[in-house]
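One structure is given here, and the rest of the page talks about it.
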Amino acid sequence: MGWRNKLRLLALDDLTLQVKPGIIFGFLGPNGAGKSTTIKLLLGLVTPTKGTAFLSGVPVYDKRSRERVGFLPEDPSFCAYLRAGEFLELCGKVLHMDRATRKKRISETLEMVGLTAKVKTKISEFSRGMLQRIGLAQALLNQPDLVVLDEPLNGLDPYGRKELKSILLSQKTQGKTVFFSSHILSDVEEMCDEVGILNRGRMVVGGRLKGLLPTKAVTLQVQEMKPETMTRLEALTSAITREHHHWTIHLSEPSHKNEACALLREANNQSIEVQTRAESLEDFFFRQIEENNRHRGFSNTSAVGSAIESTGAIP
Amino acid sequence: MYDLMTICKTTYTRVLRMRSLYVLLASVLVLVGAAHLYDELSGGREKELMYDTGAALLSLVGLLTALMVAFDIARDLREKVVMTLLSKPLGRSQYLLGKFSGVVWIGTINLIILTLGMLLILYWEQGFARWDFLKLAFSAWGTMVLTTAVGVLFASFFAELPAVILTVAVYAIGHGTEVLYQNNSIFSQLLFSVMANYGLLDFKDALGSNLYISWKLIVWSVVYALVYSSALLSLANIIFHRRDLA
Amino acid sequence: MSPSTPKFAVVVLILALVVSMMLSMRIAQRRVVCVAHGPQNIVRAGFNKFLSHIAWMRLIQYRGSLHGITEQEARVLKGKYDSLTDLDPMFDRAYEEGALEIGWQSPNDSLDLLDKAQRVDKLKSWRIPLLAGFIAKNRLNDSSRAIAYLKKADQQPNRPGYVKRFLISLQAQHDFDNDPIKVLHLWVDYYSGGAGQLLTGHGRMPMRDMESGFDSDPERSLALNHIRRVSTKIIEQSQKGILEERNPERKKMLRDRIDQTEKIIRQVYAGRHICPQCFRPYNAGEEFCVHDGKKLAAYGTCAKCKSVPRGPFCQKCGAKND
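Taken in sequence, the protein lines are chains D, E and B.
To convert, count from 1 in the first sequence and add 521; that's this note's numbering.
To convert, count from 1 in the second sequence and add 7; that's this note's numbering.
To convert, count from 1 in the third sequence and add 16; that's this note's numbering.
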């Protein structure tokens, strides 16, 4: 397949990634960054040309690595000729669940995703949202320790997204690990404990979300404000506002915090409430990608060429 | 084995729910039922026509049932249904073999129904039992198993249409490989032994002409089909294991 | 090999391929013995025989549309029969009917079709070479070719007796002038059931109907007729030749020929009294041959009154019959 070799692109370049158990990990990146490829690699659907991957210590090429994993693919497509109940029955059998457990879990997961009434409906008659839901049901059927989702929020209406988010958060409270990729950064920011940003096959940055996002703005709240204190603070602030029972001081730079606090304590020995606002994940994401592209000599046009991912040609 | 049987049963359900299967069976039953018209059409050869029509239908039903596996696997790959299944602890070998077994199972049932129908019709119309039709049925079963294995092989790395076309092409070419055997060159003989020789399983002409073919030869031909199918399935397995399901 | 490549599958692939290669050669060898092999067939993915029925039905329709057969139509028919028999080489009726249909307008095409049939190893038909022999003789006047076909017909199982008789007739016509004694032997062997059977005394069957002089087996009876005719012709021609011939060696040869013929006739009719001219047997008491009036040596009569006694004493004169 020589001609296909010429078309091969490097989908992932020296990717090293480690996800701790019991967290929600958000995997971000522009189109064509290699997120789906990474997920497929973890699930043994794609073979790496180099390197190893493990799920719970089991190499990914061993099917036992997937015994405690649930997966919801992007734009899911399931056995259209089966009914919802039959499809979950099939998944349960493949997951080696015994009959009683299977029966119980099928009804539980259908109830969880709100498809109990559709148990006898053929999957070919499902809408996009229903497919996503049945996909989630089959992913959570055997209460896996790791749930992997590829763009799970795509195509869901606001209610669907809210339900999905609450399900994922509930998985975390049960001690499960959730690993998902998404473009909806606000949801990622809301849910994830850790994130990783991928660009053109390389990990740009990764870690705890709170630690990654720099502080963007600081506000101080005090009960009392003297006029001379206000004058002295003018150079350090962008605005001082009076609300019901307190004064809010908006610092012009986060670095002015200590100086402003010192001034306020000197004027009135009172408690100062400090509020910091971090940079948004969206801003952080764009900044990281642009810096990475510049560093690697790529232009910053959106997703040019990144639509071509590795096709996984037969070597 | 449990996984294999799970996929096998699912495939069986899938094929059973295909409308094309019922259209095929209905057409076949109509042709079989029209046997009493054969004497008007055949110019005195109604007995031979009935027998040969039954033999041809066995081959046709076997071929069309076997082609369903090419459609099924290729469609699963195209629609990415296979990703959902293989993301679970299901081996790729079990998936392929399960698909193969499901189609062979339903093909076997189809052939049994057709064979019983033909035996009854032949007995009714001709007044005696043509038990040698069972030899045809058995060799048709071997052909169906072999064609299914060919379909699995092509479906593991081609889309639906090319997989089906190639399977039919191998079926057609495979019936003419005897010319290679009759040629004495080493290359021809080697090519003959490596190719899928459907001609070795084809006894329609001989049995239809009342030539004696022993059960031993029929059984060995079917054994050949099963062994060759194993080779094809192993090759399909190797290719499928190396295939990236992107 | 990557961890994802199943080693077991590789092993099975190699083993299964090797075994299937061996099996395919063995089975192909056995098939050659059991299955009909004719000229290069059209391969229609195993549906040859079924398609031959379709072709047959279409041929019937075409034949029904013809009013008489011209030479061009004969050629078209030949093409259609060729295609039909390519699909089903064992369809003996197609060869026969095709050959008969076009035999008059196009005897060579007809023989071509029948030759094709004879190349099919499992098609053991006596009718096909018999028909070929008939066409070769009657349409092409090719006796040698006709004899070759009839010899093939004679070798087929379950052929009727007239096949052999037709063959011998042709051989007799073809060889009489060169070797009439050989022709006589051919008929004698046919009559007695095998080559040399009469001379060894093993094959001769007694004649059933002594009154009529005919054997109740029609073939043997016909053979006997031929023996007589050929014998008569040999003797007549030889006697005429003796009168006309001046060469003493040739004369001797002709006399020897007459002697051989008479000897053979006597062996055929051993124990019977036969007319010395037409070689037909005659009954007790007859003095002249009923067929040609030749004076006969009477036998089985009463020594006194010359009537034919029916018991130990003569019914006419009462003399004792010795």
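No residue lacks a Cβ here, since even glycine has one placed at the ideal position from N, Cα and C.
A quick note: this is a predicted structure, and the numbers were derived from the prediction, not measured.
- Residue pairing by DSSP puts H771 (chain D) in a beta bridge opposite D:T740 and D:A760.
- Beta-bridge partners assigned by DSSP to E610 (chain D): none are found.
- Interface with chain D (8 Å Cβ-Cβ cutoff): T174 (chain E) is excluded.
- Under the Cβ distance rule, A162 (chain E) does not count among the residues neighbouring chain B, no pair being separated by less than 8 Å.
- DSSP places S702 (chain D) in the uninterrupted beta strand (DSSP E) bounded by T698 to S702.
- Around the beta-carbon of I193 (chain E), fewer than 16 other beta-carbon atoms lie within 10 Å, marking it exposed.
- Taken atom to atom, the span from the alpha-carbon of L93 (chain B) to that of G84 (chain B) is near 12 Å.
- The beta carbon of G62 (chain B) falls within 8 Å of a beta carbon belonging to chain E, placing the residue at that interface.
- Inside the region 30-92 of chain E, DSSP marks no whole beta strand (DSSP E) run of 3 or more residues.
- Contact of V201 (chain E) with chain B by beta-carbon distance below 8 Å involves L33 and M37.
- Taking 8 Å as the threshold, the shortest C-beta distance from R91 (chain B) to chain E does not fall below it.
- For L29 (chain B), the nearest CB of chain E lies under 8 Å from its own CB, placing it at the interface with that chain.
- Residue nearest to E55 (chain E) within the set B:Q283, B:F107, B:A44 and B:A319 is B:F107 (criterion: CA-CA distance).
- If you check each beta-carbon in the region 90-103 of chain E against every beta-carbon of chain D, the ones closer than 7 Å belong to M90, T91, L92, L93, S94, K95, P96, L97 and G98.
- P22 (chain B) and H248 (chain E) have their C-alpha atoms some 8 Å from each other.
- Counting along the chain, the unbroken alpha helix (DSSP H) around A232 (chain E) starts and ends at W222 to R249.
- In the displayed model, P580 (chain D) falls within a strand according to three-state DSSP.
- Boundaries of the beta strand (DSSP E) around E715 (chain D): E715 to N720.
- DSSP places M12 (chain E) within a helical segment (H, G or I) once states are collapsed to three.
- Following the DSSP letters along the chain, one finds A71 (chain B) in no beta strand (DSSP E) but inside the alpha helix (DSSP H) bounded by residues N64 to S81.
- The Cβ of N204 (chain E) sits closer than 8 Å to at least one Cβ of chain B.
- Of B:G316, B:S122 and B:K138, the smallest CA-CA separation from Y219 (chain E) is found for B:K138.
- Against R46 (chain B), the close residues of chain E are L224, in the order they occur along the chain (beta-carbon pairs closer than 7 Å).
- Rounded to the nearest angstrom, the gap between the Cα atoms of W72 (chain B) and L48 (chain E) is 9 Å.
- Here the C-alpha atom of M38 (chain B) lies approximately 7 Å from the C-alpha atom of S200 (chain E).
- Rounded to the nearest whole angstrom, the CA to CA distance from K686 (chain D) to I172 (chain E) is 46 Å.
- Classified as buried, F295 (chain B) has 16 or more neighbouring CB atoms from the shown chains inside 10 Å of its CB.
- Here the alpha carbon of P594 (chain D) sits roughly 9 Å from the alpha carbon of S94 (chain E).
- Taking 8 Å as the threshold, the shortest C-beta distance from K87 (chain E) to chain D falls below it.
- Within the same chain, I80, V159, S163, L240, A243, N244 and F247 come within 8 Å of L103 (chain E) by CB-CB distance, once the 5 residues on both sides are set aside.
- Distance from D671 (chain D) to I560 (chain D) at the Cβ level is roughly 5 Å; contact confirmed, criterion being Cβ atoms closer than 8 Å.
- A straight line joining the alpha-carbon of R649 (chain D) with that of D251 (chain E) spans about 26 Å.
- For R815 (chain D), there are no CB contacts under 7 Å within the same chain when 5 residues up- and downstream are skipped.
- In chain order, I118, Q121 and S122 place their CB closer than 6 Å to the CB of A90 (chain B), counting only its own chain and leaving out the 5 sequence neighbours on each side.
- Contact residues of the region 67-95 of chain B toward chain E are H69, W72, M73 and I76 (C-beta to C-beta distance below 7 Å).
- Classified as exposed, Q539 (chain D) has fewer than 16 neighbouring CB atoms from the shown chains inside 10 Å of its CB.
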